[in-house]
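Under this note's numbering, think of the first position of the sequence shown as 1451, with each following residue one higher.
To keep things clear, I will list the structure first and then write my remarks on it.
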Amino acid sequence: MTAPWVRTRLRAAPGAAVALAVLVALTACLAAAFPRALDRYTDAGLRTAAGRAPADENGVLVSAAPDFGEDAADAEAGLRPERLAEAYRFVLGNVGHPLVVDERQSSYGVRATESVPAPEKWLPRPDGLPAAMVLAAPQGLEGHARLRSGRLPRLTGGRTGASPTELEAAVTEETARTLHMKTGSVVHVSGHRELTVRVTGVLAPERPEGPYWSVDPVLRTPSLRRVPGPPGDPGPSYWVGGLLLAPGAGPALLGSVPVVRYWNLAPDPDALHGRDLDSLTSAVASLESGPALQRLQSTISPVADVSTGLDDVFATYGQLRDDTGPLVAVAASGAGTVAAVVLLMAGGLAGERRRAELALLRARGASVRGIAGRLLAETAVVAVPAGALGLGAALLALPGARLLPALWAAVAVTALACLTLPLRAAVAHHRVRIHDGRRDAASPRASRRRTVAELTVVVLALGAVAVLRRRGATDGAGGLVAMAPVLVGVIAALVLVRLYPLPLRGLARPARRLRGAVGPLALARAGRTSASTLLPLLALLTAFTVAAFGGSVLSGVADARDRAALLAVGADARVETAEGLPDGMSARIRQASGAREVTEAGVDYRARTPDGRQTLQLTGVDADAYAALAARTDLGAFPRGRLTRPHGAGGGAEDAALPALASAAVAERYGDRPFQLLLSDGAAVTVRIVLVRDRTPAVTGDDFLVVDRSGLPAGAAPPNVLLLTGDHLDAAALRRAAGDLGTVRLRSEERGTYVDSPLQSGAERVYAAAVAACAGYAALALLLSLASAGRERAALLARLRTMGLTRAQGRRLLVLESLPQALPAALGGVLTGWAAVRLLSPGIDLTTLAMSTASSPAGRAELRADPWSLAVPAVAVLVLAVGVAALQAWWSGRRGAVAELRAGDTR
């Protein structure tokens, strides 16, 4: 009985099957994880943006006043709970998908549009003005609060109209505590007619920060307001609190205060998805000024109005997503390309290992279709379960995202792994061959098809780079731009494959004159290239390009944040007091852990010109110490001694004016002539601008002057700022040393404030993961390339050892043979990565990714080549290539020549 093909082949090569399964599982896991990670951080970014918006902006408020000219009975009917509930259901039905309303946090009811005074003397009066009350009759109050005392308000007889003068109300704990209320308190409110409101209960809101209580926060927490007054003269203050009436008390407010019906819709944060941004924007637009609003006005009231801040939230989020999306696409396309190349190489290695077997089958009459089908079944038995395992790992590791994109990604990886070997075998063995000739040599002239394919890739790459430079990565350049770094790597790989054998062949002839056979033999073998060299070189150079691009992106983002934080703080840390520094504070700060240099500065924020029209920030410093600080921080560095008044200057000499460093705006205004300033303590000083800088460590803004403190009048501008430089500053120690009188700001903490969206952090993590994946797959591609020639090299070393080659010479031979391929790959990778960054940098703006805004105090965050991102991969390739070659030589030496050489072996 004949054994099944698949079982026989898997038993014959279990190691190869396990290696393929691991490769497919890992690649499928990474491929499935990418869209899920993308979904997770884009969804988190949208939910964070909506959650950070004020409560009156992250919801949809539908309001409708009683119709003008409506009779009293109809007006009362429109304010009753059943009509309000009916309208609420209609409003919910007009919310377009995918905007989902969280009915648990939504609210509706009737409220007064303005507060009304309450003349009770026992209510607090900070400046003698009576307190005011906002009357509201919200629905569902019992489901959003717990009773602390008393009971919920009720209506006498269960129904009321517009005529009653007494009502019941509840108040929250904060209202009761602040306004001295309790159960049984009576409040008279004076509207168009007086109402008497009796407090029947005190409530504790559930989720007080939720939309139900936060849309109109005065109903939860009293507000201290001021009467508008003239500029510079704040008016008297008074308290405004909220009285929560019974749900059916809306009609009772008619004729007493202006009222409005309201339906506040809180969006469900769990239903907000970044992928639905366009549909969400359309749904909100329909409610604000589209078909949904028309339906509300025709059904509820002609004066119904919809207000929301969600459109601004969505617009801001969309801008940030659009700015970070192309950068993430570049990383994903690069990592995907390198992974695909590795899968192709794995299939090619398997096909090369079984070349003789498949050729024998063809010679014995096997059909191409039959061989391809058997190879497909053999590969699918291994790859399909491995792909499913990788998909399952991605689903478990990243829950809460869409299944379909991850499924398609895993299926694509599995299909590529399954089809590579059968298709390669079908192409390679389409014709029956008895002898294939040498496998380590190439045709001296490339085919026309290969030339056309290479020219096509070149044209596509140049087009992508041209589009990116002209339109920018975030200006609708399309998917071709995302592939631009990959295509640049492809061009370099094609050029290197064609060019690097030429100098090696040229050096082979003069190398024959050298003593020994190792050098000439290594050059001769390295100069024999074939098309199989293209894939590993393509993987290496693509990985180089993506790593250089990704590393430069991450480095540029970090530099932009560091620079912005330095501009905001002025040094590594800043300690500032409202008045002069207390005695001993400077000494305590100097002793804090990590502090290396401490520079004092006295900032007068209210210095002004004699006419009082212009206010400037005048900073008095120790000129030499401040010059050293400006040089260390690279914030407006200037030569030492330029701010020091010359000795002997005085009287009416021009040198009597105090030399000053000024901002560009101040210098443009006053020029280099002496002018006088009045300090905040009344002293006067004459200064003359001798230096102009855009920035300086002590102060920010466009209007500043820096002078030598020793030239100021005694006691003027006392030191109130300490600027620290040092490594690993201890924030807690600095705050303890500053005490309650000083505010401490650290550059590291300021830098952390710029990462305020999951979109930023998520994009950075995806980029870092893509760079790491590229590095791993590039190393695997190099190992596969070396493994493909491993058997042939082992046989060569065995033959040479029979001719007298020593083990040390064998190691040198393999190392020297690998260097001519690894060295051009490393140097070409460095050049390609640098060129890709230089070519694409004009179209890349990292400001949004670094700062989450379109502008930065440090200016535009440009993409620059990061030396470490170029050097580290190059060195790693050389070390790995040399190490693998040396290891291969050592292992072949241990096996011995007899184990490698057999009669009839054609290797």
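Even glycine gets a Cβ: it sits at the ideal position worked out from N, Cα and C.
Here the structure is a predicted model, which means the values were calculated and not measured.
So for residue i, helix, strand or coil by DSSP?
{"i": "G2101", "result": "Here the model assigns G2101 a pLDDT of 42, short of 50, so the residue's position is not dependable and the matter cannot be decided."}
{"i": "W1455", "result": "helix"}
{"i": "R1676", "result": "strand"}
{"i": "Y1538", "result": "helix"}
{"i": "S1817", "result": "coil"}
{"i": "E2118", "result": "helix"}
{"i": "L2173", "result": "strand"}
{"i": "I2294", "result": "coil"}
{"i": "G1559", "result": "strand"}
{"i": "L1629", "result": "helix"}
{"i": "G2279", "result": "helix"}
{"i": "M1583", "result": "strand"}
{"i": "Q2064", "result": "coil"}
{"i": "R2138", "result": "strand"}
{"i": "Y1491", "result": "helix"}
{"i": "A1859", "result": "helix"}
{"i": "E2047", "result": "strand"}
Would you check if the distance between the CB atom of residue i and the CB atom of residue j is smaller than 7 Å?
{"i": "M1583", "j": "L1693", "result": "yes"}
{"i": "A1716", "j": "Q1589", "result": "no"}
{"i": "L2174", "j": "A2021", "result": "yes"}
{"i": "L2162", "j": "V2137", "result": "no"}
{"i": "G1698", "j": "L1605", "result": "yes"}
{"i": "L1857", "j": "T1829", "result": "no"}
{"i": "A1581", "j": "V1707", "result": "no"}
{"i": "V2156", "j": "A2117", "result": "no"}
{"i": "V1497", "j": "P1719", "result": "In the sequence as presented, Val is not what sits at residue 1497; that position holds Arg. Their beta carbons are under 7 Å apart, which means R1497 touches P1719 by this criterion."}
{"i": "V1652", "j": "R1598", "result": "yes"}
{"i": "V1665", "j": "A1505", "result": "yes"}
{"i": "A2042", "j": "A1859", "result": "no"}
{"i": "A2051", "j": "V2071", "result": "yes"}
{"i": "V2048", "j": "L2172", "result": "yes"}
{"i": "L2191", "j": "T2298", "result": "no"}
{"i": "L1873", "j": "A1943", "result": "no"}
{"i": "T1787", "j": "T1992", "result": "yes"}
{"i": "D1517", "j": "S1751", "result": "yes"}
{"i": "L1808", "j": "A1875", "result": "yes"}
Check whether the Cβ of residue i sits closer than 6 Å to any heavy atom of the ligand COA, and report yes or no.
{"i": "L1737", "result": "Although the ligand COA was asked about, the structure shown includes no ligands whatsoever."}
Quick check on the burial criterion: 16 or more other C-beta atoms within 10 angstroms. Buried or exposed for residue i?
{"i": "S2268", "result": "buried"}
{"i": "E1592", "result": "exposed"}
{"i": "G1700", "result": "buried"}
{"i": "W1713", "result": "buried"}
{"i": "R1502", "result": "exposed"}
{"i": "E1659", "result": "exposed"}
{"i": "R1459", "result": "buried"}
{"i": "M2253", "result": "exposed"}
{"i": "E1532", "result": "exposed"}
{"i": "S1736", "result": "buried"}
Please report the Cβ distance between residue i and residue j, rounded to the nearest whole angstrom; I am assuming they are in contact, meaning their Cβ atoms lie under 8 Å.
{"i": "R2038", "j": "A2187", "result": "4 Å"}
{"i": "V2003", "j": "L1777", "result": "6 Å"}
{"i": "F1999", "j": "G2283", "result": "7 Å"}
{"i": "A1478", "j": "A1836", "result": "7 Å"}
Which residue from the options puts its Cα closest to that of residue i?
{"i": "T1758", "options": "D1720, A2237, A1813 and N1508", "result": "N1508"}
{"i": "L1470", "options": "G1700, G1797, L1869 and L2273", "result": "G1797"}
{"i": "L2196", "options": "L2017, R2123 and A2220", "result": "L2017"}
{"i": "R2145", "options": "A2166, L2179, G2034 and V2019", "result": "V2019"}
{"i": "G1685", "options": "H1879, L1579 and P2208", "result": "L1579"}
{"i": "G1600", "options": "S1635, W1572, V2221 and G1815", "result": "S1635"}
{"i": "R1771", "options": "A2008, E2214, Y1688 and R2011", "result": "E2214"}
{"i": "P1603", "options": "T1492, E1618, E1807 and A2115", "result": "E1618"}
{"i": "L1853", "options": "P1655, L2290, A1875 and P1485", "result": "P1485"}
{"i": "D1762", "options": "L1841, S1732, G1784 and R2310", "result": "S1732"}
{"i": "S1565", "options": "A2114, A1586, K1571 and T1766", "result": "A1586"}
{"i": "A2358", "options": "L2233, M2253, T2252 and S2238", "result": "There is no way to answer for residue 2358, as the model of the chain reaches only from 1451 to 2357."}
{"i": "A1912", "options": "R1899, L1846, R1900 and I1941", "result": "Contrary to the premise, residue 1912 reads as Leu rather than Ala in this sequence. Closest by alpha carbon: I1941."}
{"i": "R1461", "options": "A1782, Q2126, R1676 and V1832", "result": "V1832"}
{"i": "A2237", "options": "W2341, V2280 and A1654", "result": "W2341"}
{"i": "T2150", "options": "A2078, Y2055 and V2221", "result": "Y2055"}
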